[in-house]
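S.K.: Please read through the structure below; I'll follow up with questions.
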Amino acid sequence: MSTQTKLLKTYAPPLATFGAFIGVWYAVHYFILSENRKFIVPPPHAVIDNSFLNGIARSELAEGLVNTGRIALFGFLIASVLALFGSVLMAGNRMIERALFPYAVALQTVPILALVPLFSVWFGPTRTARIVTCVLVAIFPILTSFLFGLKSVDSGHQDLFTLNNVSRTTRFRKLLFPAALPSIFTGLRIGAGLCVIGALVADFFFSRGDLGLGRLLNNYAKRLEYEKLFGGVILASALGVAIYILIGWIANRSLRDWHESEARSA
Amino acid sequence: MTEHFEPEIAHSNNAARLEFRNVSMTFPDGTEALKEVSFSVAAGEFVTIVGPSGCGKSTLLRVASGLTTHSNGECMSDRKSLGYVFQDATLLPWRTVQRNVELNAELQGVPEAERRERARQAIDLVGLTGNEKKYPKQLSGGMKMRTSLARSLVMKPSVFMFDEPFGALDEISRERLQDELLRIFDHEGFAGLFITHSVPEAVFLSTRVLCMSARPGRIIADFSIPWEYPRQHDIRYSPEFAEMCGKVSESLREAHA
Ligand SMILES: Nc1ncnc2c1ncn2[C@@H]1O[C@H](COP(=O)(O)OP(=O)(O)O)[C@@H](O)[C@H]1O
Ligand SMILES: [Mg+2]
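Top line first, the protein sequences correspond to chains A and B.
The numbering used here numbers the first residue of the first sequence as 81 and each following residue consecutively.
The numbering used here numbers the first residue of the second sequence as 6 and each following residue consecutively.
Here it is, written out as structure tokens:
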């Protein structure tokens, strides 16, 4: 197959979907909504005009994006590192696992959002409060995936390492970690999306502190500035997608030679 | 339960590199897997244990290698220099053939330059030269098993254990790997302990064939196979070979009637 047809086959389907989406968007605005309700779905070009080409809105949105992105990224890093430590501890010691894992599962069902006002009482409308929200929203799904990976190591491989009398660190570095890598990336992908949600939601609750996308969305909605609201939504989505793609790229680099999930198609 | 023999017993059987004395093994759930198993394997001996599935063959190897502890009796083996080939190739999918073959040496601290060289020789010995950069998923079943063999060969084991290594292969690859294993055995002179449920495989490879009863596994017959090494592949078609297989099968049949 020539490179051109290959590129076409790779990019044409998602581009077609994107085109269809924009088409539906326009159709909703021009053909479905009645005249006095058209403002609730502004057409794409108006969104671009009013949010990305308008100087004030643009700098406002850029500031929000940077602040929210920074919180999401920090939260994501902290959640990942904590999840890694937690899962290694639990995978290495049955008692610790029994003591902690039930809570890790139970806490996933706690609506963390309900706790956000509490964090703002404890930490003030600070970055700390926002990062804590992010971490709590994201950490448990990441931890569960990590732990699943570390515990699903093939028992034959375990025996092989046992026969070589390896230390725990060597077993971790040369067996558990690489074997768990596919699950680790799954956890990171889920966590990346959740961290953006966490950062946005924390921001929604705080009317003080750094200006983030969450508060902007809230403000635009209240002021009925729907073009800007759509712009903010697009940026927030793009942030999640960007982190997701970045992790996907790293996963692909590390797994494509040997793991089916990232295998290069022939 | 002691890991080592009293000096006089060890002395009386000097050449044994692996010895079982009345070894019994019961799993925590009460499953009796082995019952008073006794045998020994000396350097230059290739002992094969045949028995139906579920009779305790893998358990016997796991006890011999120290992966599992037995409940009763004495088990002596040279665990410092032990080769173990599993039923599956157990290659690490994220390592190339070369790096898989180096694994045991790497885990036991053999310096990099030396383990490279040893891996190269082992890869050559199993006939995989040219495939060093491939990943396990690019290999056929036979090639995976060769890689697994090479991984153990790198450490030049004095006791070499095999748990039905060719069980999953087609007949043609299986016979070819048997031929190569014998060539390697002749070349390296380890003490071999091989597990299989195939009677012809047992007879073709071994100096001795032990038959195991159904669970709990006991040794119920012991055949010496007289042919010299290197054995030619076509002894499989000789009348003596068929006769020997017949005897072994007969004793297994009696035990499982
Ligand atoms: N961990 C275990 N706990 C309880 N029973 C087991 C365990 N492992 C194996 N067994 C049982 O012990 C018997 C012998 O198993 P195994 O040695 O694997 O047989 P073989 O290799 O001859 O097929 C089987 O009946 C099996 O079900
Ligand atoms: Mg078995």
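Here a beta-carbon is modelled for each residue, glycine too, at the ideal position from N, C-alpha and C.
Just so you know, these numbers come straight off a predicted model, no measurement behind them.
Closer than 8 angstroms by beta-carbon distance: list the chain B residues that pair up with Phe-241 (chain A), in chain order.
M.R.: Counting from 1 along the first sequence, the entry for residue 241 (chain A) is found at position 161. Those within 8 angstroms of Phe-241 (chain A) in chain B are Leu-112.
S.K.: Contact check, Thr-152 (chain B) vs Asn-105 (chain B) under 8 angstroms by CB: the rounded distance?
M.R.: As a position in the second sequence, residue 152 (chain B) is number 147, starting the count at 1. As a position in the second sequence, residue 105 (chain B) is number 100, starting the count at 1. With 8 angstroms as the limit, Thr-152 (chain B) and Asn-105 (chain B) qualify as a contact, their Cβ atoms being about 6 angstroms apart.
S.K.: Should Pro-12 (chain B) be flagged as near chain A, meaning a C-beta pair shorter than 8 angstroms?
M.R.: Locating residue 12 (chain B) in the second sequence gives position 7, counting from the first residue. A caution first: Pro-12 (chain B) carries a pLDDT of 37, below 50, which makes its placement in the model unreliable, though a value can still be read off. No - not a single Cβ of chain A is within 8 angstroms of the one on Pro-12 (chain B).
S.K.: From B:Arg-26, B:Leu-144 and B:Ala-48, pick the residue whose C-alpha is nearest to that of Ala-20 (chain B); which is it?
M.R.: What you label residue 20 (chain B) is simply residue 15 of the second sequence in a count that begins at 1. Nearest option by C-alpha distance: B:Ala-48.
S.K.: Compute every distance between the C-beta of Phe-199 (chain A) and the non-hydrogen atoms of ligand 1, then say whether any falls below 7 angstroms.
M.R.: The count along the first sequence starts at 1 and reaches residue 199 (chain A) at position 119. It does not: the Cβ of Phe-199 (chain A) is nowhere closer than 7 angstroms to a heavy atom of ligand 1.
S.K.: With contact counted as at least three CB pairs below 8 angstroms, one residue from each stretch, are the segment 251 to 259 of chain B and the segment 76 to 90 of chain B in contact?
M.R.: These segments do not touch.
S.K.: Please return the same chain residues whose Cβ sits closer than 8 angstroms to the Cβ of Arg-138 (chain A), not counting the five positions on each side in sequence.
M.R.: The residue labelled residue 138 (chain A) in the question sits at position 58 within the first sequence. Closer than 8 angstroms at Cβ, skipping near neighbours: Ser-131 and Phe-132.
S.K.: Does DSSP put Met-170 (chain A) in a helix, a strand or coil?
M.R.: Walking along the first sequence from the start, residue 170 (chain A) turns up at place 90. Met-170 (chain A): helix per DSSP, three-state reduction.
S.K.: Let's see if you can read the secondary structure: which residues bound the alpha helix (DSSP H) around Gly-146 (chain B)?
M.R.: Looking up residue 146 (chain B) in the second sequence gives position 141. 146 to 158 is the span of the alpha helix (DSSP H), which, as asked, contains Gly-146 (chain B).
S.K.: Rounded to the nearest angstrom, what separates Glu-122 (chain B) and Arg-100 (chain B) at their Cα positions?
M.R.: Taking the second sequence and counting its residues from 1, one reaches residue 122 (chain B) at position 117. Taking the second sequence and counting its residues from 1, one reaches residue 100 (chain B) at position 95. For Glu-122 (chain B) and Arg-100 (chain B), the distance between alpha carbons rounds to 17 angstroms.
S.K.: Output the distance between the C-alpha atoms of Leu-321 (chain A) and Gly-273 (chain A), rounded to the nearest integer angstrom.
M.R.: To locate residue 321 (chain A), count along the first sequence from 1; it is residue 241. To locate residue 273 (chain A), count along the first sequence from 1; it is residue 193. Going by the sequence as given, residue 321 (chain A) is Val instead of Leu. Whole-angstrom Cα-Cα distance: 8 angstroms.
S.K.: Mind listing the chain A neighbours of Pro-33 (chain B)? Cutoff is C-beta to C-beta under 8 angstroms, in chain order.
M.R.: What you label residue 33 (chain B) is simply residue 28 of the second sequence in a count that begins at 1. Those do not exist, as Pro-33 (chain B) stays about 16 angstroms from chain A at its closest Cβ, beyond 8 angstroms.
S.K.: Which two residues bound the contiguous alpha helix (DSSP H) that contains Tyr-106 (chain A)?
M.R.: The residue given as residue 106 (chain A) occupies position 26 in the first sequence. Start and end: 83 to 107.
S.K.: For Phe-286 (chain A), which three-state DSSP category applies?
M.R.: The sequence position of residue 286 (chain A) within the first sequence is 206, counting from 1. In this structure, Phe-286 (chain A) counts as coil in the three-state DSSP scheme.
S.K.: Considering only C-alpha positions, which residue in the set A:Asn-116, A:Val-127, A:Ala-331 and A:Ile-192 is nearest to Gly-267 (chain A)?
M.R.: Counting from one through the first sequence, the residue named residue 267 (chain A) turns up at place 187. Looking at the Cα atoms, A:Ala-331 is the closest of the given residues.
S.K.: Assign Thr-134 (chain B) to one of three DSSP states: helix, strand, or coil.
M.R.: By 1-based counting over the second sequence, the position of residue 134 (chain B) is 129. Looking at Thr-134 (chain B) - three-state DSSP - the assignment turns out to be coil, as it is neither helix nor strand.
S.K.: Quick check: does the Cβ of Lys-161 (chain B) come within less than 7 angstroms of any heavy atom belonging to ligand 3?
M.R.: Ligand 3 is not among the ligands present in this structure, which contains only ligand 1 and ligand 2.
S.K.: Under three-state DSSP, which class holds Ala-259 (chain A)?
M.R.: Indexing the first sequence from 1 puts residue 259 (chain A) at position 179. Note: Ala-259 (chain A) maps to helix in three-state DSSP.
S.K.: For Leu-154 (chain B), which option in B:Thr-201, B:Ile-200 and B:Ala-94 has the closest C-alpha, if you only look at C-alpha atoms?
M.R.: Indexing the second sequence from 1 puts residue 154 (chain B) at position 149. Nearest of B:Thr-201, B:Ile-200 and B:Ala-94 to Leu-154 (chain B), Cα basis: B:Ala-94.
S.K.: Distance, Cα to Cα, Glu-11 (chain B) vs Arg-188 (chain B)?
M.R.: Within the second sequence, residue 11 (chain B) is the residue found at index 6, counting from 1. Within the second sequence, residue 188 (chain B) is the residue found at index 183, counting from 1. Summary for Glu-11 (chain B): the model assigns pLDDT 39, below 50, so the residue's position carries little reliability; its value from the coordinates is reported in the next sentence. If you take the alpha carbons of Glu-11 (chain B) and Arg-188 (chain B), they lie about 36 angstroms apart.
S.K.: Would you report the Cα separation of Pro-197 (chain A) and Phe-285 (chain A), rounded to the nearest angstrom?
M.R.: For this step, residue 197 (chain A) is matched to residue 117 along the first sequence. For this step, residue 285 (chain A) is matched to residue 205 along the first sequence. Distance between the alpha carbons of Pro-197 (chain A) and Phe-285 (chain A) is about 7 angstroms.
S.K.: Does the Cβ-Cβ distance between Ser-195 (chain A) and Tyr-89 (chain B) come in under 8 angstroms?
M.R.: The residue labelled residue 195 (chain A) in the question sits at position 115 within the first sequence. The residue labelled residue 89 (chain B) in the question sits at position 84 within the second sequence. According to the sequence as given, residue 195 (chain A) is Leu; it is not Ser. Their beta carbons are not under 8 angstroms apart, which means Leu-195 (chain A) does not touch Tyr-89 (chain B) by this criterion.
S.K.: Over the uninterrupted beta strand (DSSP E) stretch that includes Leu-23 (chain B), give me the two end residues.
M.R.: Residue 23 (chain B) sits at position 18 when you count from the first residue of the second sequence. Segment 21 to 31, the beta strand (DSSP E) holding Leu-23 (chain B).
S.K.: Express the C-alpha separation of Gln-103 (chain B) and Gln-143 (chain B) in angstroms, rounding to a whole number.
M.R.: Along the second sequence, read from residue 1 onward, the residue named residue 143 (chain B) stands at position 138. Along the second sequence, read from residue 1 onward, the residue named residue 103 (chain B) stands at position 98. If you take the alpha carbons of Gln-143 (chain B) and Gln-103 (chain B), they lie about 13 angstroms apart.
S.K.: To test your reading of the DSSP string, which unbroken alpha helix (DSSP H) runs of 4 or more residues are found completely within the segment 297 to 345 of chain A?
M.R.: The segment 297 to 345 of chain A contains these whole alpha helix (DSSP H) runs: 306 to 335.
S.K.: Would you say Leu-72 (chain B) reaches chain A, if we count a Cβ-Cβ gap shorter than 8 angstroms as a contact?
M.R.: As a first step, residue 72 (chain B) must be located in the second sequence, where it is residue number 67. Answer yes: the Cβ-Cβ gap between Leu-72 (chain B) and chain A drops below 8 angstroms somewhere.
S.K.: If we call anything under 8 angstroms between Cβ atoms a contact, is Gly-147 (chain B) one with Leu-174 (chain B)?
M.R.: Numbered from its first residue, the second sequence carries residue 147 (chain B) at position 142. Numbered from its first residue, the second sequence carries residue 174 (chain B) at position 169. Taking 8 angstroms as the Cβ cut-off, Gly-147 (chain B) and Leu-174 (chain B) qualify as a contacting pair.
S.K.: Residues in its own chain within less than 8 angstroms of Ala-126 (chain A) by CB, not counting five upstream and five downstream?
M.R.: Working through the first sequence from its first residue, we reach residue 126 (chain A) at position 46. If we look at Ala-126 (chain A) and ignore the five residues flanking it on each side, its Cβ neighbours are Glu-307.
S.K.: Is Asp-83 (chain B) close to chain A, meaning its C-beta is less than 8 angstroms from at least one C-beta of that chain?
M.R.: Locating residue 83 (chain B) in the second sequence gives position 78, where the first residue counts as 1. It does not; no Cβ of chain A falls within 8 angstroms.
S.K.: Just tell me which of A:Phe-98, A:Glu-305 and A:Phe-257 has its CA closest to the CA of Ser-232 (chain A).
M.R.: Indexing the first sequence from 1 puts residue 232 (chain A) at position 152. The shortest C-alpha separation from Ser-232 (chain A) is found at A:Phe-257.
S.K.: Spatial neighbours of Val-208 (chain B) within its chain, please: C-beta separation below 7 angstroms, excluding the five flanking residues on both sides.
M.R.: As a first step, residue 208 (chain B) must be located in the second sequence, where it is residue number 203. Excluding residues within five positions, the ones whose Cβ falls inside 7 angstroms are Val-214, Ile-230, Phe-246, Met-249, Cys-250 and Val-253.
S.K.: So Asn-77 (chain B) is in the beta strand (DSSP E); what residue range does that whole segment cover?
M.R.: As a working note, residue 77 (chain B) is residue 72 in the second sequence. Element bounds for Asn-77 (chain B): 77 to 82.
S.K.: Specify the secondary structure class of Ala-260 (chain B) as computed by DSSP and reduced to three states.
M.R.: Position 255 of the second sequence, counted from the start, is the residue given in the question as residue 260 (chain B). Helix at Ala-260 (chain B).
S.K.: Measuring CB to CB, does Ala-260 (chain A) end up less than 8 angstroms from Gly-229 (chain A)?
M.R.: In the first sequence, residue 260 (chain A) corresponds to position 180, counting from 1. In the first sequence, residue 229 (chain A) corresponds to position 149, counting from 1. Yes.
S.K.: One question on the structure: do Arg-278 (chain A) and Ala-218 (chain A) come within less than 8 angstroms of each other, judged by their Cβ atoms?
M.R.: Within the first sequence, residue 278 (chain A) is the residue found at index 198, counting from 1. Within the first sequence, residue 218 (chain A) is the residue found at index 138, counting from 1. Reading off the sequence, residue 278 (chain A) comes out as Gly, not Arg. In contact: Gly-278 (chain A) and Ala-218 (chain A) (Cβ atoms closer than 8 angstroms).
S.K.: Is Ala-346 (chain A) close to chain B? Criterion is C-beta to C-beta, closer than 8 angstroms.
M.R.: To locate residue 346 (chain A), count along the first sequence from 1; it is residue 266. Here Ala-346 (chain A) scores only 41 on pLDDT, less than 50, and its place in the model is too uncertain to base an answer on.
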